[in-house]
Amino acid sequence: MIFRPFYTYETGCAGYLLGCGGLGKCAVVDAHERDIDAHIAFAADKGMQITYVIDTHVHADHHSGGPALAARVGAKYCLHASADVDLAFTPLHDGQEIELGNTRVRVLHTPGHTPESVCLVVTDLRRGPDPWFVLTGDTLFVGAVGRPDLPGRVQESAGELFESIHQKLLTLPGELEVYPAHFAGSACGAGISGKPSTTIAFECRFNPLLALGREAFVAAVAEVPPKPAEIDAILRTNRGRSQAVAS
47 MIFRPFYTYE TGCAGYLLGC GGLGKCAVVD AHERDIDAHI AFAADKGMQI TYVIDTHVHA
107 DHHSGGPALA ARVGAKYCLH ASADVDLAFT PLHDGQEIEL GNTRVRVLHT PGHTPESVCL
167 VVTDLRRGPD PWFVLTGDTL FVGAVGRPDL PGRVQESAGE LFESIHQKLL TLPGELEVYP
227 AHFAGSACGA GISGKPSTTI AFECRFNPLL ALGREAFVAA VAEVPPKPAE IDAILRTNRG
287 RSQAVAS
């Protein structure tokens, strides 16, 4: 498997390129608009075709490079089927499997941070049938979880986030590597670590929010940092309702 993170340190954003080097198929997940050319160049250098471009949710803190990247390379642009956007996209569904040669990606619908949030469980069949890692978007971070206030339904969304984490992510193998869409510097969660990756077992042991019951969890995550600057303009752009502004 080819796996390459792309980090934007100013905003604490992480995007990923992953796929099968042998059969030359790959996907890009949570592409930042600044990294479009870098994703294309890396894939070309590895002899890979980008066939899927996936956003784990509609981003509120930065302009997504997903739609533009997909258009440039002729890939499918994907969001969960529930996404509230005016863009053409290929809908993803809970339990769906995406084939990238010997790399397989299973979709988990994990609402809470946003209604359309998904996590992506990745398996390399050449390594074995068990999953290797999970891309958790803004659902689970290192030492923190995603903020639930962006959809505007804080208590309800916080409850959904609790269920998504406990019923979906924490049922995965403890040794599974976790790669979130953000690290320290992001406003998409409170107390996010500067370490960009973790494991399910590490978070179960050391993430203080995961030890809380539902009521205490909802109360804790409802205390959120200020919303990202220009959130309304960024969301309009990422939903296809305004022209993108260069950043």
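This note's numbering puts the last residue of the sequence shown at 293; the count rises by one with no breaks. Just so it is clear, CB atoms sit at the ideal spot from N, CA and C, and this is done for glycine as well.
- If the five residues before and after T182 are omitted, its C-beta is found closer than 6 Å to the C-beta atoms of C165, V224 and P226, all from its own chain and listed in chain order.
- A distance below 7 Å between beta-carbons, with the five flanking residues on each side excluded, links V131 to the following residues of its chain, in chain order: V104, L125, R285 and G286.
- Judged by DSSP in its simplified three-state form, S110 adopts strand.
- Secondary structure within the stretch 156-236: the alpha helix (DSSP H) runs of 4 or more consecutive residues, fully enclosed, are 200-213 (chain order).
- For I96, the enclosing beta strand (DSSP E) has its first and last residue at Q95 to I100.
- The DSSP-derived three-state label of H85 is helix.
- Between the stretch 108-127 and the stretch 92-99 there are three or more inter-stretch CB-CB distances shorter than 8 Å, so the stretches are counted as touching.
- For A84 against F52, the beta-carbon gap comes to about 6 Å, under 8 Å, which counts as contact.
- Distance from the CA atom of R193 to the CA atom of F179, rounded to whole angstroms, is 23 Å.
- If you draw a straight line from the Cα of T156 to the Cα of A262, it is about 20 Å long.
- Taking C-beta atoms as the reference points, N148 and L69 count as a pair closer than 8 Å.
- When only Cα atoms are considered, S163 and D76 end up about 12 Å apart.
- Going by DSSP, F52 is part of the beta strand (DSSP E) stretching over I48 to T54.
- The Cβ neighbour count for H212, taken over all protein chains shown within 10 Å, is under 16; the residue is labelled exposed.
- Sorting T283, D195 and K214 by C-alpha distance to the C-alpha of P272 places D195 at the top.
- Taken through DSSP and simplified to helix, strand or coil, V151 comes out as strand.
- Taking C-alpha positions only, G120 is separated from E276 by approximately 30 Å.
- Within the same chain, and ignoring the five residues on either side of L171 in sequence, the residues whose Cβ sits closer than 7 Å to its Cβ are N148 and R150.
- Following the DSSP letters along the chain, one finds T283 inside the alpha helix (DSSP H) bounded by residues I277 to N284.
- A residue is called buried once 16 or more other Cβ atoms fall within 10 Å of its Cβ, and Y123 is buried on that count.
- Around the C-beta of T217, fewer than 16 other C-beta atoms lie within 10 Å, and the residue is accordingly described as exposed.
- Spatial neighbours of C66 in its own chain (CB-CB distance under 6 Å, excluding positions within 5 residues in sequence) are listed in chain order as L146, G147, N148 and T149.
- Assigned with DSSP and collapsed to three states, L258 falls in coil, not helix or strand.
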